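Visitor: Numbering (my numbering), first residue to last: 74 to 211. Built from N, CA and C at the ideal position, the CB exists for glycine as well. From a predicted model like this one, the values you see are computed outputs, not experimental measurements.
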């Protein structure tokens, strides 16, 4: 069930990308989308090589950059230089449009940005992120 909900969330993000790509020519929006696309390719490469910690980290990066594209598109301003996922969703009002499961997914990804960077967190995360767990959750 979790992976199905995550697929729905990914579909939502893909739809957002499509809308932004077809209706917005703002260079900042297209920058964030291009960076997110690159990170998606990187996450896939990490998945294929079994580097599950970095799959989680890259999934955080993908969603962060799409949220920054959405921020730029909706608010017509440069997004804050933060790594939070929930804050841009709240600032743009996107959190009101997301389901509880989608918000839970954001909450699951949120700590991966910081925890993947520090040795004490890395070790714990690497033990918990197996192939099955990573594929199922991300």
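(1) How about residue 186 and residue 134: do their beta carbons lie closer than 9 Å?
(2) Looking at the structure shown, is residue 154 part of a helix, part of a strand, or coil, going by DSSP?
(3) Quick one: Cα of residue 172 to Cα of residue 86, how far?
(4) What separation, rounded to the nearest whole angstrom, lies between the Cα atoms of residue 118 and residue 137?
(5) Could you spell out the range, first to last residue, of the alpha helix (DSSP H) harbouring residue 163?
(6) Output the distance between the C-alpha atoms of residue 174 and residue 168, rounded to the nearest integer angstrom.
(7) Near residue 89, which residues of its chain fall below 7 Å by C-beta distance, leaving aside the five closest residues on each side in sequence?
(8) Here's the rule: buried if 16 or more other CB atoms are within 10 angstroms of the residue's CB, otherwise exposed. What is residue 107?
(9) Take the Cβ of residue 165 as the centre, count every other Cβ of all protein chains shown within 10 Å, and call the residue buried at 16 or more, exposed below.
(10) So what's residue 168 in DSSP terms, helix, strand or just coil?
(11) Three-state secondary structure (DSSP) at residue 122?
(12) At which residues does the alpha helix (DSSP H) containing residue 177 begin and terminate?
Guide: Straight from the coordinates:
(1) Position 113 of the chain shown, counting from 1, holds the residue named residue 186. Position 61 of the chain shown, counting from 1, holds the residue named residue 134. Against a cut-off of 9 Å, the Cβ pair of residue 134 and residue 186 comes out as a contact.
(2) Residue numbering aside, residue 154 sits at position 81 when the chain shown is read from its first letter. Looking at residue 154 - three-state DSSP - the assignment turns out to be coil, as it is neither helix nor strand.
(3) As a position in the chain shown, residue 172 is number 99, starting the count at 1. As a position in the chain shown, residue 86 is number 13, starting the count at 1. Near 13 Å, if we compare the C-alpha coordinates of residue 86 and residue 172.
(4) As a position in the chain shown, residue 118 is number 45, starting the count at 1. As a position in the chain shown, residue 137 is number 64, starting the count at 1. Taking the straight line from one Cα to the other gives about 19 Å.
(5) The residue you call residue 163 lines up with position 90 of the chain shown. Per DSSP, residue 163 belongs to the alpha helix (DSSP H) from 159 to 165.
(6) Numbered from its first residue, the chain shown carries residue 174 at position 101. Numbered from its first residue, the chain shown carries residue 168 at position 95. Distance between the alpha carbons of residue 174 and residue 168: 11 Å.
(7) Taking the chain shown and counting its residues from 1, the one referred to as residue 89 is at position 16. Within the same chain, residue 89 has close Cβ partners 139, 143.
(8) In the chain shown, counting from the first residue as 1, residue 107 sits at position 34. Exposed, by the Cβ-count rule.
(9) Looking up residue 165 in the chain shown gives position 92. It counts as buried.
(10) For the purposes of this step, residue 168 is taken as the residue at position 95 of the chain shown. Helix.
(11) Indexing the chain shown from 1 puts residue 122 at position 49. Residue 122 falls in the coil class under three-state DSSP.
(12) Residue numbering aside, residue 177 sits at position 104 when the chain shown is read from its first letter. That run of the alpha helix (DSSP H) goes 173 to 182.
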